[in-house]
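Engineer: Below you will find the structure I want to go over with you.
Protein chains: 2
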Amino acid sequence: MQQSPNQPTPGGLVLLPILYMVWSETLIQDQENQAFITFLNQADWLSEEDKKFLREKLSPESPPQRQEMEFWWETITSAIEESKTYPNLTSLGIELLRKAAPEVAYTFPIEQAEKELSDLEKELGIVGKSAALSFKSSHSNISTRYETQVDFDVSALTEILDGQRKPLIDALKTFLATDNFDYIQPDNLETYRNQVLSWCRLLADKGYGAIGYPEEYGGKDDMEAYFTVMETLSYRDLSMVIKFGVQFGLWGMSILSLGTKKHHDKYLKAIGTLELPGCFAMTETNHGSNVKGIETTANYDHQSQTFTIHTPHQDARKEYIGNAAMHGKMATVFAKLLIDGKDYGVSTFVVPLRDEEGNTLPGVKITDCGRKMGLNGVDNGLIAFDQVVVPRENMLDRFSAVDEDGQFQSPIASDNKRFFTMLGTLVGGRIGIPRSALAASKSGLTIAIRYGDRRRQFGPEGGEEIPILNYRMHQRRLIPLLAKTYACHFAMEYVTNRFLQRQEEEMQEIEALAAGMKSYVTWQNTATLQECREACGGKGFLSENRIDALKNDTDVYTTFEGDNTVLMQLVAKSRLSAYKEQFENMNLFTIINYVASKTKTSITEKNPLIIRNTDEDHLLDSEFHLSAFEYRENSILDSGAKRLKRLMDEGMDPFDAVNVSQHHLVNMGQAYIERVILEKFIEKTDQTSDPKIKDVLKKLCDLYALYQLETHKGWYLEQGYMEGVKTKAIRKMVNQLCWEIRKDAVPLVNAFNIPDVCLAAPIAL
Amino acid sequence: MQQSPNQPTPGGLVLLPILYMVWSETLIQDQENQAFITFLNQADWLSEEDKKFLREKLSPESPPQRQEMEFWWETITSAIEESKTYPNLTSLGIELLRKAAPEVAYTFPIEQAEKELSDLEKELGIVGKSAALSFKSSHSNISTRYETQVDFDVSALTEILDGQRKPLIDALKTFLATDNFDYIQPDNLETYRNQVLSWCRLLADKGYGAIGYPEEYGGKDDMEAYFTVMETLSYRDLSMVIKFGVQFGLWGMSILSLGTKKHHDKYLKAIGTLELPGCFAMTETNHGSNVKGIETTANYDHQSQTFTIHTPHQDARKEYIGNAAMHGKMATVFAKLLIDGKDYGVSTFVVPLRDEEGNTLPGVKITDCGRKMGLNGVDNGLIAFDQVVVPRENMLDRFSAVDEDGQFQSPIASDNKRFFTMLGTLVGGRIGIPRSALAASKSGLTIAIRYGDRRRQFGPEGGEEIPILNYRMHQRRLIPLLAKTYACHFAMEYVTNRFLQRQEEEMQEIEALAAGMKSYVTWQNTATLQECREACGGKGFLSENRIDALKNDTDVYTTFEGDNTVLMQLVAKSRLSAYKEQFENMNLFTIINYVASKTKTSITEKNPLIIRNTDEDHLLDSEFHLSAFEYRENSILDSGAKRLKRLMDEGMDPFDAVNVSQHHLVNMGQAYIERVILEKFIEKTDQTSDPKIKDVLKKLCDLYALYQLETHKGWYLEQGYMEGVKTKAIRKMVNQLCWEIRKDAVPLVNAFNIPDVCLAAPIAL
């Protein structure tokens, strides 16, 4: 049996809260013990009885028993007055004394005790007021009370996001929410791939597949609708999206864009109905980014007027080809055209792969790519051709042709230009993919933010646990990503419109925009889903909550349709030249003509009053944000151009010079894209008429801007564009905006309006 | 038929290289055309015939035909002299004229032509020397020639990495390389899980499972060996590692650490042989990080001397429990001990789950967690207890017990302290997991770096394609991660040793070190594998190359054994107090006793000569690196302590104050860990005797240090610790070190000495 606790002496009562506090944290080791001994030796206002009691209770050798601690706790908490504020533990001790022995308290040297004990508290590192609070049964704090509020009309925001395409989006969402599209386990590859094919057939039957094709081929000639469909489908299984994109986008659009009427008439209708599943066979094992280097050959035979398609070696096989492993009947094959042994560069050919029964045709060898990180419902494969003969009309002859006399013909004289014009027609993929990525980010954020709003963990001493989204770190992890997703949404809307309304002379700019946004958004998506996974903890690791699939299926988005790092360099090259029509092929030594006209503004912006300005009005001023983004964009462009020129002037090989500047070029591309995104977000916010929605969009826009400024603060400080006092103020403002937007976060993800059946994650429903 | 190209006039020859260059890039639009017209109007040294020819060839309306362009190319390249250097395109044009018409050249106004044409070249933005190079059949550049070199003894570096554990590591690697451990497809969960169990049995049979247990229970009492085994196993299937850790670590070690001799005697041997598979049932659906809040109860019945284990509601089920869904026979269950209705806090109990045949026992309900992002070979499950009765001796009674009289007993009076002492015994998991993560990073880097060394893509005009690891961006993506992995390796070696040689009074520091390294290394691992995936492009997405599994299996490492964000805050709290024994339970209002002693040094370090010092010697000086890391560590600690104290002094609720400072606290933890890592890396480098290995380790160590300084440059600039000129010099040095280490990169990953069979990725073999 434990011995029962002794009643504290009067002086013991005064020190009881301190005693309890140090023992509850087992603080008493040498350092603290020394502080206590010094204190006890000096405190002449304590009686010998007090000192005896305290020495006993403070001895590190005989810590108080559990029962004694409980007794102390009860003694303290029963004396405390909930309505009172105690500035330190001593004042609490004196309250104890007053309640237990009012007669002693009357003569007790309170002032002296308070002074000496406050020194002791300081010595022990105790923050008295806060420590005293912990004895109260509950105490009010902001972190606990804070919660979701719906301050704006969520469906009105959905309408702004969906725009004119709302009817199409709503109809497709309703269709996707039927049990036709119920998710299936990815365990068995064959089952999964066949299921995905069936889903695509359902979509084709409803006319979604052909929607971008001309009306005479069953379509609606509506490319915007096609992009909208790609994005909306992405709220469901992502293998379905990619299979859809391979069939109706890559395969169908290659026929449409690279072929001529005879090909359209022959294939397009059957492609749009999925009667004719096909592939887009461009990439080879040894040549991905560098398409120009592909080695598959198409050798023209004058006699028979045929091409012989051939794979010269293993590593020249077509690889990662969607629809190849199981379902594809034909393919658009990229190959080097040879006439009489002379190489006329990359051209495209329609090559049959399988017969009606699905058997591969003679000379065609297809190998399954097997299991992948994600997108396992897509049947990617390797294709090798062993002298496969196709007739002359199978050449897609819009940009290069062989005439009846066996002569090469092309409307574009330059091989380079022809090649990049051909690829340029496929730029649509660089719009479809980031829009699909955006949808995946929206799904991930909806899941993580709803979960963060309801998941509770930890809380103040004695209080209830609080939603994890009330934690500042959790906000910092998710809220800026929400702002970025909104920002990218409006920017993709802009890029889509530019693409749809494109004029020939704008193509270089639009290609750069699409390439840059594809990189930016897909990187952003990978980062967002990774953060969502971690923010949902163990629940985020369970496949049932779908962050798994969202992340893994979209992971390759940063690679396909152009590796992001390569694309960002292309964007930079395009920025270095104001006037090139096709930018992918630019040799940098002919394009360094950038004139640093815009950076002249920097001098006025480096006004000392501005570089140190930390006024809230200034920090939340969109003009400040945009000019800071523009400054970065132009400075990096300017210094990059000068650097390249200097290196080459100094005699460095141009290839080396570009290589040395690669990191600079990638930053150049990013800075450009970020400026475009911010500009479009500001415009969208300005155009919004509903004041409450405008208000929340302005906050998101500010957060996007300031979060990026914080991310790049090292650069701005290096440039002298801001001083430390300002970057620190920006950090605080980012925290503040995260805190403010947190209450809007659930309504903001609800505005994405993703059907619960599609979202499917139990933690988010 | 195309018309055959006309022979250029003499003046046309001089301009031919410019003509070719602008057309090959289809430069000629309004702006350029204007430049040409102006030039032609002025150039009185050209004949009318020349001007006619040039006007014709420069017309944007009639671009040259393909055949003409080819003819120009041949004309130019056949005249060029490979050994000569041409400062611009004009000098090349004059060479053409000399070769074709020496008599005309003799009287040609060369000087005037050169002057006016060089203006034209400038106007067109052409860098002449580089442009002239492109006509040569090949030109030397550094990016092409650079390659892997083996400058040091790879196996000697392996010995340094493996240290004294080399024999154990080698033996286990040899065993793992047998076909017993061949990877299997993860398609079927049941098959995969049973396979993983079989693998663990093979390991148990060899004595690896019990290796950390006392000898009387079949072990070798060698915890270091246990950690080494966990790390080495991680070169193979990671589900096996986690299953192994659940069985022999979590389940076995909980019996060893929380139980007493009677439990050891009864269970430990059977656990070590895997005769008795078991679980560690701590986490509940509603309580993960906040273990103290678990709701499972263990109600003591005095009459029968038994505990009734009960799950009060769905969300109090044990969740994510490894070994639960299929194989576990028993579990260590964490539950709140109730005696006569009074709550004595969290205790642990051995609870049987399944009978010999594997059927769940009455009252036990187990639900499969199903498919996960990774680790699908581990059978995680949910466990619910419906009034399950276990005898008194099933309580693991090292820290809390119920005696024969039904009285609660504990050697530790404070509930808080008992709880955290109990959890503290499990700190080993926070060493095992980051070591496993490191192995995964090493596998990922070996695959990505070997691939980067052999994968070729793009190259200089007319030259062969170059290894992608020769690209500066690719180096920037992978080489700093390689440096970090080496850095973390040596730091984990240090933390392991500290743990093995721990004294009671060091426990708080060691717990903080382990918690911090667990977070740092596992975050690092996630980032590394994500980068490796992307750096390998499409190949990285194929499961056959294993980055998929490496990434997804280890993704949850940032969550389990303590959520990283939570752990980093614990590290910070520990740093805020110099003397607390157990830090997880600290209330911040009793620990703000940090004295900013170290930050005094900052004044001397902010010497203007130092903050602007960009000398190479200084930038590569380890003392500079370490003092910069220490400055950051101490400044953040100091400002964090002051900030918390100020907020609480101002009357902010302590919980709110901590919440407001959360981001600061996480940075505090990271800055501490980074300093430790750097310090240990520097020590290791200094201790290395082999001069060539020392040299390469020094480079890696420098890169680690400078890369982190670059990462945090915003902070250093804000503080005035460095000026922009210095941070820019650091960036350049990072690029330079990446370039230098690139040639060592393959030998450096080879030194990890991962068996090819384990690595398995076709792209890396």
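Chain order of the listed sequences is P and H.
Sequential numbering from 1 applies to the first sequence in full-length UniProt numbering.
Sequential numbering from 1 applies to the second sequence in full-length UniProt numbering.
The C-beta atom is built at its ideal place from N, Cα and C for all residues, glycine as well.
Keeping to the same chain, check which residues put their C-beta closer than 7 Å to that of ASN376 of chain H; ignore five residues upstream and five downstream.
Structural biologist: PRO186, LEU189, TYR192, SER239.
Engineer: In the DSSP assignment, what residue or residues form a beta bridge with ASP301 of chain P?
Structural biologist: According to DSSP, ASP301 of chain P bridges with P:THR306.
Engineer: Three-state secondary structure (DSSP) at ILE636 of chain H?
Structural biologist: Of the three classes helix, strand and coil, the one that applies to ILE636 of chain H here is helix, per DSSP.
Engineer: Express the C-alpha separation of GLY424 of chain P and ILE431 of chain P in angstroms, rounding to a whole number.
Structural biologist: Whole-angstrom Cα-Cα distance: 12 Å.
Engineer: Just to make sure I have the definition right: I need the residues of chain H whose C-beta is within less than 9 Å of the C-beta of ARG472 of chain P. Which are they?
Structural biologist: What ARG472 of chain P touches in chain H: ASN659, VAL660, SER661, GLN662, HIS663.
Engineer: Closest to ALA751 of chain P by CA distance: which of P:TRP73, P:PRO5, P:LEU161, P:PRO10 is it?
Structural biologist: Here the closest residue by C-alpha is P:LEU161.
Engineer: One question on the structure: do LEU117 of chain H and ILE479 of chain H come within less than 8 Å of each other, judged by their Cβ atoms?
Structural biologist: No, the Cβ-Cβ distance between LEU117 of chain H and ILE479 of chain H is not below 8 Å.
Engineer: Alpha carbon to alpha carbon, how far is LYS166 of chain P from GLU493 of chain P? Give it in angstroms, no decimals.
Structural biologist: If I take the Cα positions, the gap works out to 13 Å.
Engineer: If I follow the unbroken beta strand (DSSP E) through TYR344 of chain H, where does it start and stop?
Structural biologist: 342-352 is the span of the beta strand (DSSP E), which, as asked, contains TYR344 of chain H.
Engineer: Could you give the residue range of the alpha helix (DSSP H) that holds residue 771 of chain P?
Structural biologist: The requested residue 771 of chain P is not part of the displayed model; chain P covers only 1 to 765.
Engineer: Excluding five sequence neighbours on each side, which residues of the same chain lie with their C-beta closer than 8 Å to the C-beta of GLU506 of chain H?
Structural biologist: Once the five neighbours on either side are set aside, the close Cβ partners of GLU506 of chain H are ARG498.
Engineer: Label HIS327 of chain H either buried or exposed according to how many other C-beta atoms from any shown protein chain fall within 10 Å of its C-beta, with 16 as the threshold for buried.
Structural biologist: Buried: at least 16 other Cβ atoms inside 10 Å.
Engineer: Would you say GLY212 of chain P touches the ligand MN, meaning its beta carbon is less than 7 Å from a heavy atom?
Structural biologist: For the ligand MN, the structure offers nothing, since it holds no ligand at all.
Engineer: How would you list, in chain order, the residues of chain P whose beta-carbon sits under 7 Å from the beta-carbon of TRP23 of chain H?
Structural biologist: In chain order: SER414.
Engineer: Report yes if the C-beta distance between ALA316 of chain H and THR296 of chain H is below 8 Å; otherwise report no.
Structural biologist: Yes; because the gap between Cβ atoms is below 8 Å, this pair is in contact.
Engineer: With H, G and I counted as helix, E and B as strand and the rest as coil, what does DSSP make of HIS712 of chain H?
Structural biologist: Coil at HIS712 of chain H, not helix or strand.
Engineer: Applying a beta-carbon distance threshold of less than 7 Å, which residues of chain H neighbour ASN394 of chain P?
Structural biologist: Neighbours of ASN394 of chain P on chain H: none; closest Cβ ~23 Å, over 7 Å.
Engineer: In the structure shown, what three-state DSSP assignment does GLN409 of chain H receive?
Structural biologist: Note: GLN409 of chain H maps to strand in three-state DSSP.
Engineer: Report all residues from its chain with a CB closer than 7 Å to the CB of ILE412 of chain H; omit the five preceding and five following residues, and keep chain order.
Structural biologist: Cβ within range, chain order: PHE399, ARG418, THR421.
Engineer: Look up GLU284 of chain H in the DSSP assignment and say whether it is helix, strand or coil.
Structural biologist: GLU284 of chain H falls in the strand class under three-state DSSP.
Engineer: Any idea what DSSP makes of PHE334 of chain H, helix, strand or coil?
Structural biologist: DSSP places PHE334 of chain H in strand when its eight states are reduced to three.
Engineer: So for GLU319 of chain P, helix, strand or coil by DSSP?
Structural biologist: Residue state, collapsed to three classes: strand.
Engineer: Checking contacts by CB at 8 Å: is GLN530 of chain H closer than that to chain P?
Structural biologist: Closer than 8 Å to some Cβ of chain P, the Cβ of GLN530 of chain H qualifies, so yes.
Engineer: Roughly how many angstroms lie between the CA atoms of SER635 of chain P and TYR300 of chain P, to the nearest whole one?
Structural biologist: Spanning the two alpha carbons is a distance of roughly 51 Å.
Engineer: Please go through the region 4-58 of chain P and give each complete alpha helix (DSSP H) segment of 4 or more residues, from N-terminal end onward.
Structural biologist: As far as the region 4-58 of chain P is concerned, its whole alpha helix (DSSP H) runs of at least 4 residues are 10-24, 30-42, 48-58.
Engineer: Quick check on the burial criterion: 16 or more other C-beta atoms within 10 angstroms. Buried or exposed for MET255 of chain H?
Structural biologist: A quick correction: the sequence has Ile, not Met, at residue 255 of chain H. So ILE255 of chain H counts as buried.
Engineer: Which residues bound the alpha helix (DSSP H) around residue 792 of chain P?
Structural biologist: A query on residue 792 of chain P cannot be resolved here, the shown segment of chain P reaching from 1 to 765 and no further.
Engineer: How about GLY720 of chain H: is its C-beta nearer than 8 Å to some C-beta of chain P?
Structural biologist: At least one chain P Cβ lies under 8 Å of GLY720 of chain H.
Engineer: Between PRO87 of chain P and the rest of its own chain, which residues show a CB-CB distance below 7 Å, the 5 nearest in sequence each way excluded?
Structural biologist: Closer than 7 Å at the Cβ level, and outside the excluded window around PRO87 of chain P, lie GLY128, LYS129.
Engineer: What would DSSP say about THR367 of chain H, mapped onto helix, strand or coil?
Structural biologist: The answer is strand: DSSP assigns THR367 of chain H an E or B state.
Engineer: So ARG612 of chain H and LYS698 of chain H are in contact, right, with Cβ under 8 Å, and what is the actual spacing, rounded?
Structural biologist: Not really, about 25 Å apart at Cβ, beyond 8 Å.
Engineer: When the distance is taken between beta carbons, is GLU630 of chain H closer than 8 Å to ARG675 of chain H?
Structural biologist: Cβ distance < 8 Å, so ARG675 of chain H and GLU630 of chain H count as in contact.
Engineer: I'd like to know if LEU570 of chain H contacts chain P, where contact means its C-beta is closer than 8 Å to some C-beta of that chain.
Structural biologist: So no, LEU570 of chain H is outside the interface.
Engineer: Assuming ALA104 of chain P is part of the alpha helix (DSSP H), what are its boundary residues?
Structural biologist: Before going further, note that residue 104 of chain P is Val rather than Ala in the sequence given. Its alpha helix (DSSP H) spans residues 102-107.
Engineer: Does GLY163 of chain P pass the burial test, meaning 16 or more other C-beta atoms within 10 Å, or should it be called exposed?
Structural biologist: Exposed, by the Cβ-count rule.
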